[in-house]
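Below: the structure, in structure tokens.
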Amino acid sequence: SANRLALRSSEDEIVTASSAIKVWDLATRKTKRKYPGHASRVVCLAYSADSRFLVSGASDRFISLWDSSFETDNTVALKTFTLDSSPTQISLVGGTGESMQMLAVSEG
């Protein structure tokens, strides 16, 4: 069962996550894409303002950045970051693409 949700602002999609991340088409109620996710439970998800990027944070202390513009399953994150403790909140702010900033709040 999913423990996290994120809505994509530009399309009729919803993202759910447990350890794997799935993108669902709300009209057809079918899975459109899958991201391999994390070794442990995903605790936060967020889209960038332009919905091009998806960021996921897990209790394994890793944060992964995904390019959500691909219409196929992504097997590798664009970038992975490691925190000292598990993230509790995450967001992508500022501009888009090159000028984007990521903010993460962790337990420690």
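Going by the UniProt record's numbering, the residue at position 53 of the sequence shown is 53; the numbering climbs one at a time, nothing skipped.
Note that beta-carbon positions come from the ideal geometry of N, C-alpha and C, so glycine has one too.
Bear in mind the structure is a predicted one, so any value in this text is a computation, not a measurement.
What did DSSP end up calling residue i once you bin it into helix, strand or coil?
{"i": "residue 99", "result": "helix"}
{"i": "residue 92", "result": "strand"}
{"i": "residue 50", "result": "coil"}
{"i": "residue 13", "result": "strand"}
Relative to the C-alpha of residue i, which candidate in the options has its C-alpha closest?
{"i": "residue 100", "options": "53, 27, 85 and 12", "result": "53"}
{"i": "residue 93", "options": "71, 15, 103 and 86", "result": "103"}
{"i": "residue 35", "options": "29, 26 and 45", "result": "45"}
{"i": "residue 24", "options": "58, 87, 72 and 90", "result": "72"}
{"i": "residue 85", "options": "20, 56, 107 and 49", "result": "107"}
{"i": "residue 83", "options": "14, 50, 58 and 21", "result": "58"}
{"i": "residue 56", "options": "20, 12 and 13", "result": "20"}
{"i": "residue 30", "options": "12, 70 and 49", "result": "12"}
Rounded to whole angstroms, how far is the Cβ of residue i from the Cβ of residue j, which I believe are closer than 8 Å?
{"i": "residue 80", "j": "residue 105", "result": "Not quite, the Cβ-Cβ distance comes to about 18 Å (not below 8 Å), so this is no contact."}
For residue i, count the other beta carbons within 10 Å of its own beta carbon; 16 or more makes it buried, fewer makes it exposed. Which is it?
{"i": "residue 33", "result": "buried"}
{"i": "residue 77", "result": "buried"}
{"i": "residue 27", "result": "exposed"}
{"i": "residue 69", "result": "exposed"}
- [ ] Report yes or no: do the segment 59 to 66 and the segment 36 to 48 share at least 3 C-beta pairs separated by less than 8 Å?
- [x] Enough Cβ pairs lie closer than 8 Å, so yes.
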